[in-house]
Each structure stands twice: as structure tokens, then as C-alpha cells.
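Down below is the structure, laid out as C-alpha cells.
In the working numbering, the protein residues as written are 7 to 129.
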């Protein structure tokens with residue numbers, strides 16, 4: 007995660023700073039070049055993190071089902087388990103849209119979701 011990466015970069019900067027003699031006779035302030043490099047790296051990491059979120063491509067699924075009864079995360083988890091148990095490995099579930107996209111047999115998916123206790127409509 008980004009917090010772990012930030013921690014590791016901080017440890018690396020401390021090591022490099024001490025390795026180049028910055029810790030022996032330096033005042034309490036970091037040198038300007040180190041501040042600038044750290045700022046550039048931080049800006050880059052923030053841009054990459056937001057870029058992944060904004061430009062994430064949604065996988066297109068062969069089939070879509072509308073599940074009007076799906077209302078919460080527990081419903082989502084139940085449907086995920088039902089699909090996995092039915093042998094459908096590639097699927098995506100949207101709580102907001104109440105849809106289930108998947109790659110596989112439509113009849114098997116419909117049956118698995120109905121057995122889990124949800125009504126299903128083809129989209």
C-alpha cells in the first residue's frame with residue numbers, strides 16, 4: 007500500500023542522508039536538494055495513485071444479470087460465494103447498479119444466485 011511505500015522511502019532517505027554525511031555536521035534542516043527530490047517523488051506517487059483510480063479500465067463481462075434484492079456488502083459476499091461454488095471464476099459485482107457481470111454459463115449463474123436466495127433478471 008502507499009503508506010508502506012512512504013515508510014520505506016523515508017527509511018531509504020534517512021540511509022542515503024547519513025551515507026552522504028548529512029547527519030554528522032548538519033543543522034536541523036534538510037538540504038534543499040533532498041527536500042526537492044522528496045517533493046518530486048511524493049508528487050509522482052500521488053499522481054500514480056490517483057491515476058490508477060481514475061483511469062482504471064473496467065473489464066467487460068460476457069453476461070450481465072440484474073439482482074434487485076442485492077442491497078449490502080453481505081449480499082455481495084453471499085453472491086460471490088455462490089458464484090465461486092458454482093465454478094464461475096471471473097465475475098464482477100456492482101452494489102450501486104445491482105448487477106453481476108461474469109464470464110460463463112448464464113443458466114449456472116442464475117441458478118447459483120437463486121439458490122443463494124436472490125431474485126435474478128437478465129440485463
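Heads up, the beta-carbon is just placed ideally off N, CA and C, and yes, glycines get one too.
What you are looking at is a predicted structure, and each value in this text was computed from that prediction instead of being measured.
* Which residues share a DSSP beta bridge with residue 69? -> Partner(s): 108.
query: For the beta strand (DSSP E) that residue 99 lies in, which residues bound it at each end?
result: Taken as a continuous stretch (DSSP letters only), the beta strand (DSSP E) holding residue 99 covers 97-100.
In chain order, what residues of the same chain have a beta carbon less than 6 Å from the beta carbon of residue 107, not counting five sequence neighbours either side? Shown here for residue 107: same chain residues with a beta carbon closer than 6 Å to its own, the five before and five after excluded, namely 67, 70, 98 in chain order.
On the criterion of 16 or more Cβ atoms from any shown chain inside 10 Å, does residue 124 qualify as buried, or is it exposed? Classification for residue 124: buried.
Below 8 Å, can you find three or more Cβ-Cβ pairs linking the stretch 76-94 to the stretch 38-55? Fewer than three beta-carbon pairs drawn from the stretch 76-94 and the stretch 38-55 are found closer than 8 Å, and the two stretches are therefore not classed as touching.
(Q) Using a 10 Å radius around the Cβ and a threshold of 16 neighbouring Cβ atoms, would you call residue 89 buried or exposed? (A) By the 10 Å Cβ count, residue 89 comes out buried.
Quick check on the DSSP output: the alpha helix (DSSP H) that includes residue 2 runs from which residue to which? What is shown of the chain runs 7 to 129, which leaves residue 2 out entirely.
In the structure shown, what three-state DSSP assignment does residue 76 receive?
Here DSSP, grouped into helix, strand and coil, assigns residue 76 to coil.
Fill in: Cβ shell of residue 128 (< 7 Å), same chain only, five flanking positions each side left out
Excluding sequence neighbours, residue 128 sits near 71.
*Using the rule of at least 16 other Cβ atoms within 10 Å of the residue's Cβ for burial, across every protein chain shown, is residue 113 buried or exposed?*
Taking all protein chains in view, the Cβ of residue 113 is surrounded by fewer than 16 other Cβ atoms within 10 Å, so the residue is classified as exposed.
request  = Rank 25, 27, 92, 40 by C-alpha distance to the C-alpha of residue 120 and give the top, closest one.
outcome  = Comparing C-alpha distances from residue 120 to each of 25, 27, 92, 40 shows the shortest one belongs to 92.
- Query: If you drop the 5 nearest sequence neighbours on each side, which residues of the same chain put their C-beta closer than 6 Å to that of residue 86?
  - Reply: If the five residues before and after residue 86 are omitted, its C-beta is found closer than 6 Å to no C-beta atom of its own chain.
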